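Enquirer: Protein chains in written order, with this note's numbering: chain X, 2 to 935; chain D, -5 to 311. The beta-carbon is built from N, C-alpha and C at its ideal position, and this holds for glycine as well. Since we're looking at a predicted model, the values are computed, not measured.
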Amino acid sequence: MTASPARPATLPPELPEWDPQWSRLVGAACADGVRTFHVLDTLPALRAQGIEPTGTILALHGNPTWSYLWRRLAAATVAAAPAAAAAGERVWRVIAPDQLEMGFSERLAHPALPAPRTGDWRRIADRVADFDAVVTQLLAEVPGSDAVSGAAEAPAVSAHPVVTLGHDWGGVLSLTWAARNRARVAGALTLNTAVHQPEGEPIPAALRAALAGPLLPASTVLTDAFIRVTLELADRLDPALARAYRLPYCARALRGGVGAFVADIPVNERHPSYRELQRLGEEIAGLDVPALILWGPKDPVFQERYLRDLRARLPQADVHRFETTSHLLAEDVDYAATILRWLRHRFPAGRSHAPARADGAQNASSDGAPAPGDGARLIFDALDARAQDGSPASVDMSRTPAQTVSWAHLSFVVDRIARGLQLAGLRRGDRVSLLVTPGNDLTAAAYGVLKAGGVAVVADAGLGPAGMTRAIRAADPQWIIGEVPGLTLARAAGWPGRRVSVRPLGALPGRALRVETSLTALVRDTPDGPIATPGLDDDAAILFTSGSTGPAKGVRYTHRSLGALAGLLAGHFGVRPGTGLVAGFPPFALLGPGIGATSVTPDMSVTKPRTLTAAALADAVAAGDCTMVFASPAAFANVVATAADLTAGQRAACGRVELVLSAGAPVPLSLMDAVAQVFPAAQLHSPYGMTEGLLLTDIDRPGVAQAAESGEHGVCVGTPIPGVELTIAPLTMDGTAAASLLSGADAAGVLGEVVVAAPHVKDGYDRLWDTQAQSARDGSAAEDSDAGAGAGPGAQRHRTNDIGHLDAAGRLWLEGRLQHVITAPGGPIGPAGLEAIVDELPGVLRSAAVGVGPVGTQAIVCVLEPNPAQGLHPGLAPLELADAVRAAALAALGLDVAAVLVAREFPTDIRHNSKIDRSRLARWAAEALAGGAL
Amino acid sequence: MTGASGLLGSSTARALLTAGHEVTTLQRRPSGADGARDVLGSVTDREAVEQAVRGQDALIHLAAKVSMAGSAADFDRVNVEGTRTVLAAARTAGVGRMVHISSPSVAHAGSSIIGEPAGPADPARARGDYARTKAAGELLALAADGPDFPVLVLRPHLMWGPGDAQLTERIIDRARAGRLPILGSGLMLVDTLYAANAVDAIVAALRAVERTHGESLVVTNGQPRPIGELLTRIALAGGAPAPRLRLPARLAQEAGGAVERVWNLREHDDEPPLTRFLAEQLSTAHWFDQRRTREVLGWAPAVSIEQGMAVLAEHYG
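(1) Let me know if A157 of chain X comes out buried or exposed under the rule of 16 or more other beta-carbons within 10 Å of its beta-carbon.
(2) Taking the C-alpha atoms as reference points, what is the distance between G88 of chain D and L200 of chain D?
(3) Looking at chain X, which residues of the segment -1 to 27 of chain D have a Cβ within less than 9 angstroms of any of its Cβ atoms?
(4) Do we get a CB-CB distance below 7 angstroms when we pair G232 of chain D with the residues of chain X?
(5) Is the Cβ of D283 of chain D closer than 7 angstroms to any Cβ of chain X?
(6) Going by C-alpha to C-alpha distance, which of X:V851, X:G449, X:R420 and X:G455 sits closest to V433 of chain X?
(7) Closer than 6 angstroms by C-beta to R170 of chain D: which residues in its own chain qualify, once you throw out the five before and the five after it? Chain order, please.
(8) Counting C-beta neighbours from all protein chains within 10 Å, is the total for A642 of chain X 16 or more, i.e. buried, or is it exposed?
(9) How many Å lie between D360 of chain X and A774 of chain X at the Cα?
(10) Tell me which residues share the same chain as L59 of chain X and place their Cβ nearer than 6 angstroms to its Cβ, disregarding the 5 neighbours each side in the sequence.
(11) Express the C-alpha separation of L451 of chain X and A522 of chain X in angstroms, rounding to a whole number.
(12) Taking the straight line between their C-alpha atoms, what separation do you get for L882 of chain X and V898 of chain X?
(13) Give the straight-line distance between the Cα atoms of I176 of chain D and A888 of chain X, rounded to the nearest whole angstrom.
(14) Measure the beta-carbon distance from A7 of chain X to L109 of chain X and round it to whole angstroms, keeping in mind my assumption that it falls under 8 angstroms.
(15) Mind checking S210 of chain D: buried by the 16 CB within 10 Å criterion, or exposed?
(16) My output table needs one value for V173 of chain X: the three-state DSSP class, helix, strand or coil.
(17) What are the complete alpha helix (DSSP H) segments, minimum 4 residues, inside the segment 828 to 900 of chain X?
(18) Under 8 angstroms, CB to CB, which of the residues in the segment 157 to 188 of chain D have a partner in chain X?
(19) Once the 5 residues before and after W71 of chain X are set aside, which same chain residues still bring their CB inside 8 angstroms of it?
(20) What separation, rounded to the nearest whole angstrom, lies between the Cα atoms of I181 of chain D and S549 of chain X?
(21) Check the Cβ of T858 of chain X against every Cβ in chain D and list those closer than 8 angstroms, keeping chain order.
(22) Considering Cα atoms alone, identify which of D:I228, D:G3, D:G109 and D:E110 is closest to A58 of chain D.
(23) Quick one: list the residues of chain X neighbouring Q325 of chain D, beta-carbon separation under 9 angstroms, in chain order.
(24) Can you tell me which of the three DSSP states D646 of chain X falls into?
(25) Step through the CB atoms of chain X and report whether any lies within less than 7 angstroms of the CB of S106 of chain D.
(26) Give me the Cβ distance between V756 of chain X and R798 of chain X, rounded to the nearest whole Å; I'm assuming they're in contact under 8 angstroms.
(27) Taking the alpha helix (DSSP H) that G483 of chain X belongs to, which residues open and close that run?
(28) Please confirm whether L613 of chain X has its beta-carbon closer than 7 angstroms to some beta-carbon of chain D.
(29) Using DSSP bridges, identify the partner residues of A116 of chain X.
(30) Measuring CA to CA, which of D:A236, D:P144, D:G155 and D:A115 is closest to R173 of chain D?
(31) Which full runs of the beta strand (DSSP E) of 3+ residues lie inside the segment 544 to 580 of chain X, going along the chain?
(32) With respect to the beta strand (DSSP E) encompassing V203 of chain D, which residues constitute its N-terminal and C-terminal limits?
(33) Among X:D604, X:E836 and X:W296, which residue has its Cα nearest to the Cα of V716 of chain X?
(34) Are there 16 or more other CB atoms within 10 angstroms of the CB of D526 of chain X, so buried, or fewer, so exposed?
(35) Applying a beta-carbon distance threshold of less than 7 angstroms, which residues of chain X neighbour A279 of chain D?
(36) Quick one: give me the first and last residue of the alpha helix (DSSP H) that M734 of chain X is part of.
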């Protein structure tokens, strides 16, 4: 018997971004009779265009939203349908019911307000059954989408895949339905949700208040405070959209369902839904279909631990974290585009879908051992090979007195740390955050972790405490190895992971920092024994980008790619056993053991490499009998500035150096010439690379001199290092990079995004599925089946976000960053080419070329750094200088410069203090040239 | 061609004659274009109009009332009814195509324009009688467009050049008197059109209208410049000192009349207007997307702003 509704389901009124065609009222046979649901269903909209869907997304909202949450996915799928149908690609139908007593679905009559352990309100189990009743009925409307594959073991290779999607409570409910309908489901997607409340952990503070018995009805039913607070979790929700979300809950009588959801949160084991949630958590863990987790990390309720739990249950899941978003990420980012790309990737039309492949962690291949003769190596092979060698492996002159570690001793320490960590419980694939200053301790810790099969997570202090915290949370390490400052920050910011200090800390500080043991103790106390070493395809390291174009991204390297990097360094720069290298940029010392070179860290501040003096560098050369010097351009600038202080002996030491390598930024010829004065016998090289591919091209001093004569524009970074494939994705008129790639003669002179492929390029971005998929695009059909499939065997493809061109001689010229492209009516322009010309003009310190106005018809603006000594004050540049800039731009590049402005100041990045934030200057210039404030 | 007595009209007539066309002009004073057949009269005079258009292959309608003085009815009479008369006479006479000269002000409600294409003419939103009636006239011309009578509308934007008494010489004169103000920061980007390029564009339109018609195109040099720099360069080219007077833009815009007083605007017939609209243009950003214009006309400015400034300096130097 069906109880009469307190209010029947209704159709929503006209709402922003909502097509009335999507709204359906559906009666479904629920456990307590036929109930009517308001359902977002795009089938009528598709059929109105004469298109039949070939895939279905079943989406379920949470509390206190309604299917309005999915409107942009509905719009995106309907908008994409005609082109997809024409191209023979998959057309997706979206079915998204409003849950009962939620949104515009039916309201039931109840004798009392909802409460945690009493009453007749719907609970988790009822809601899964409701969902089943509605979608089963609607799926039957399209032949094929209601197919049951029969064998639950085989993936649902259906002509019409059905996937689930959820958010908040809708996440756990839809995953449960998927798990219980394994034969009908081909994939599962979720936004922020929680499947399991870990025992013994407090529930999030934000919910605790709402759950405190008497407060519950007050906060969720009697007022709409809960709804308002939830909507404020969006970054900036348009008031009209917020009103649409609140509309179905505008009266107390309509909000019972909101309170019932909150009352159904099983806060402890006595709760009626506790057991059900435990059970469905286990069921979800058995769900082996391709999965996508989209996550807003700033969510105050569904925090990192729920993502961790979800990843453990769905280890095959692709993860994409939208780093700056919170609970309502669906309002803050274009999640629909990411979902459509993922569906296209996993469920290409006309083919059985690709097997699930984790983007993330644990590419657990148990048989990744190097095959003899394939050249593949593990990063600690060189160290192992010299386990009996008493000669110096690492000299740290920044310590007083200088500390020398032999190969034999380093090998012993590394093995003890590796085995000690394994005995302490470190498992293969565990992530270990290293908060250790560069030097011998870091070298030992890093190689110990790598040898034990741990993944070294390296977030450098250049990211700042907030950036480091965000990076560490994203990487979610199981362990932290740190010195006191790092451990203190970890404690204060609540970073995850078991703690190991470098040295013993004593009982009190150790307990305060939650430290379990120390590397010293591991080396001292660990009994000898076997070490289970990682395979080549296991993850080895997570490094972070500088974050100059948004939140720092984690970059994942496998042992195979790290080994390839070591092999490349040794091969390209001729490192032989016994070679000594000075690490004038202290992190370079980490590379020494990997390539079998003795590394010497000069006496310098490890956090301020630009304080390196010529004398300290020369002493380091002498101490290690070094023939190679690695440092950054800033450090070399100071070396040149202090070269006059060198003694005759120090000069002689520098005279024996054969190779000088400057990395981090291009080196101007003038600095190269000055460095050559200090190291008269050395070849000077300046390689180009980035966190995602540390060594891509190389140019030496004669190369820089030749490039300066060539008349090409941009910054020349030389030719590809052997093994690196360099291609160009041409820029389109709107300033984006094309999907297709050009190489060889076709690429010469074409401005585009620089795309590289090499065995030592990153394995992927970490927990950024979409970013990784985009960065590995190569425009080929093959990429639909797996990211980066078009790259050669063993090579990973990476779109660098740098733009530039290749010249006829095959040299790469950089012209800026993709997001800084100027889209003038005549075509896209790389700013660095123009800047290089303007920077040469008398009176100009530094310039930035930016575009103002709409994409495709932008005006070119040259912004100059203020220079009061030259009479350059913020505002319009003097007429003569403007004349000179315009004449140079016209003569060299045929470009019309609309305005020459002097800025207030030049914004640059924190890590390098050299990358100009052109986007900010562009906004400033656009404002000024529109008549706004200067 | 109607309205051939001003700088633009007479220059265009000469260019057409040089290109070997037979040119008939209609305006109240002689055109001054040697070789042209001048019909003297107003576009409001139906008989004069009919006499002028008889036997013509093509029509360029440039005549308009642009002065500040005069009642709304005067503007309507010339810019709306005059256009209606010209259109009717041209259709009757079997004229084969038409280029209608309009103004960017027809689609302008006073706010900044940053890289936009030509918007639709809108008499209801246009500011002032000139813009309102030019908008209505443009709509009439476009309404008459069809396969047997193709119409293309050009909206030249802020013309300047040697001999231009309306904008160029006023700027020079006022700068010389030390009374040329720079409004606001002077950084607002503004599009302009060197006069010789405007002539080329109209000649190109006479061919283009046979391929593409029924639309409106803003015509500029495609070289936006900060207004302060532009005024300074015109003043210097004219031998005057660089302007030093500065006025807060908001003050100037809020008191529209004050702007006119500052500029000491006095108007003459048959020339581009120097109105409150123009004063607003000189204190807000105004530059346009020229891609469609160049595509349709198959034309690009032959003289850059820098080259034009050099000619200006030579002319007034």
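Expert: Looking at the atomic coordinates:
(1) For the purposes of this step, residue 157 of chain X is identified with residue 156 of the first sequence, where counting begins at 1. Here the model assigns A157 of chain X a pLDDT of 44, short of 50, so the residue's position is not dependable and the matter cannot be decided.
(2) Counting from one through the second sequence, the residue named residue 88 of chain D turns up at place 94. Counting from one through the second sequence, the residue named residue 200 of chain D turns up at place 206. Distance between the alpha carbons of G88 of chain D and L200 of chain D is about 16 angstroms.
(3) none
(4) Working through the second sequence from its first residue, we reach residue 232 of chain D at position 238. So, not an interface residue.
(5) Here residue 283 of chain D is taken as the residue at index 289 of the second sequence, counted from 1. Chain X contact via Cβ: present.
(6) For the purposes of this step, residue 433 of chain X is identified with residue 432 of the first sequence, where counting begins at 1. Answer by Cα proximity: X:G455.
(7) If you number the second sequence from 1, residue 170 of chain D lands on position 176. The residues are A234.
(8) Here the question's residue 642 of chain X lines up with position 641 in the first sequence. Answer is exposed; the Cβ neighbour count stays below 16.
(9) What you label residue 360 of chain X is simply residue 359 of the first sequence in a count that begins at 1. What you label residue 774 of chain X is simply residue 773 of the first sequence in a count that begins at 1. For D360 of chain X, the predicted model reports a pLDDT of 44, less than 50, meaning its position is unreliable and no value from the coordinates is stated.
(10) Translated into the one-based positions of the first sequence, residue 59 of chain X becomes position 58. Only I96, V136 and T165 meet the Cβ criterion.
(11) Along the first sequence, one-based indexing puts residue 522 of chain X at 521. Along the first sequence, one-based indexing puts residue 451 of chain X at 450. Answer to the nearest angstrom: the Cα atoms are 19 angstroms apart.
(12) What you label residue 882 of chain X is simply residue 881 of the first sequence in a count that begins at 1. What you label residue 898 of chain X is simply residue 897 of the first sequence in a count that begins at 1. Distance between the alpha carbons of L882 of chain X and V898 of chain X: 12 angstroms.
(13) Residue mapping note: residue 176 of chain D aligns to position 182 of the second sequence, counting from 1. Residue mapping note: residue 888 of chain X aligns to position 887 of the first sequence, counting from 1. Cα to Cα, I176 of chain D sits roughly 25 angstroms from A888 of chain X.
(14) Walking along the first sequence from the start, residue 7 of chain X turns up at place 6. Walking along the first sequence from the start, residue 109 of chain X turns up at place 108. Going by Cβ atoms, the distance from A7 of chain X to L109 of chain X rounds to 6 angstroms, so yes, they are a contact pair.
(15) Within the second sequence, residue 210 of chain D is the residue found at index 216, counting from 1. So S210 of chain D counts as buried.
(16) In the first sequence, counting from the first residue as 1, residue 173 of chain X sits at position 172. If DSSP states are grouped into helix, strand and coil, V173 of chain X belongs with the helices.
(17) Secondary structure remark: continuous alpha helix (DSSP H) runs of at least 4 residues inside the segment 828 to 900 of chain X, in chain order: 832 to 840 and 880 to 894.
(18) G178, S179, G180, L181, M182 and L183
(19) Numbered from 1 along the first sequence, position 70 holds the residue referred to as residue 71 of chain X. Taken in chain order, the residues that qualify are L41, A60, H62, V95, A97, L166 and A331.
(20) One-based indexing of the second sequence puts residue 181 of chain D at position 187. One-based indexing of the first sequence puts residue 549 of chain X at position 548. The question names Ile, but residue 181 of chain D in the sequence shown is Leu. If you take the alpha carbons of L181 of chain D and S549 of chain X, they lie about 29 angstroms apart.
(21) Your numbering for residue 858 of chain X matches position 857 in the first sequence. Simply G109, D283, Q284 and R285.
(22) Locating residue 58 of chain D in the second sequence gives position 64, where the first residue counts as 1. Nearest of D:I228, D:G3, D:G109 and D:E110 to A58 of chain D, Cα basis: D:G3.
(23) Shown here, chain D extends from -5 to 311; a query on residue 325 of chain D therefore has no answer.
(24) Mapped onto the first sequence, residue 646 of chain X falls at position 645. It is helical.
(25) Taking the second sequence and counting its residues from 1, the one referred to as residue 106 of chain D is at position 112. Closer than 7 angstroms to some Cβ of chain X, the Cβ of S106 of chain D qualifies, so yes.
(26) Taking the first sequence and counting its residues from 1, one reaches residue 756 of chain X at position 755. Taking the first sequence and counting its residues from 1, one reaches residue 798 of chain X at position 797. Between R798 of chain X and V756 of chain X the Cβ distance is about 7 angstroms, and since that is below 8 angstroms, they are a contact.
(27) Residue mapping note: residue 483 of chain X aligns to position 482 of the first sequence, counting from 1. Taken as a continuous stretch (DSSP letters only), G483 of chain X belongs to no alpha helix (DSSP H), being part of the beta strand (DSSP E) at W480 to G483.
(28) Here the question's residue 613 of chain X lines up with position 612 in the first sequence. The C-beta of L613 of chain X comes no closer than 7 angstroms to any C-beta of chain D.
(29) Taking the first residue of the first sequence as position 1, residue 116 of chain X is located at position 115. In the DSSP output, where bridge partners are listed per residue, A116 of chain X has X:T119.
(30) The sequence position of residue 173 of chain D within the second sequence is 179, counting from 1. Per the Cα distances, D:A236.
(31) 555 to 559
(32) Taking the second sequence and counting its residues from 1, one reaches residue 203 of chain D at position 209. Note, V203 of chain D: premise wrong, no beta strand (DSSP E); not H, not E.
(33) Here residue 716 of chain X refers to the residue found at position 715 when the first sequence is read from its first residue. Closest option to V716 of chain X, Cα to Cα, is X:E836.
(34) What you label residue 526 of chain X is simply residue 525 of the first sequence in a count that begins at 1. With fewer than 16 other Cβ atoms within 10 Å, it is exposed.
(35) As a working note, residue 279 of chain D is residue 285 in the second sequence. What A279 of chain D touches in chain X: L930, A931 and G932.
(36) Start at 1 with the first residue of the first sequence, and residue 734 of chain X comes out as number 733. Neither: M734 of chain X is in no alpha helix (DSSP H) and is coded neither H nor E.
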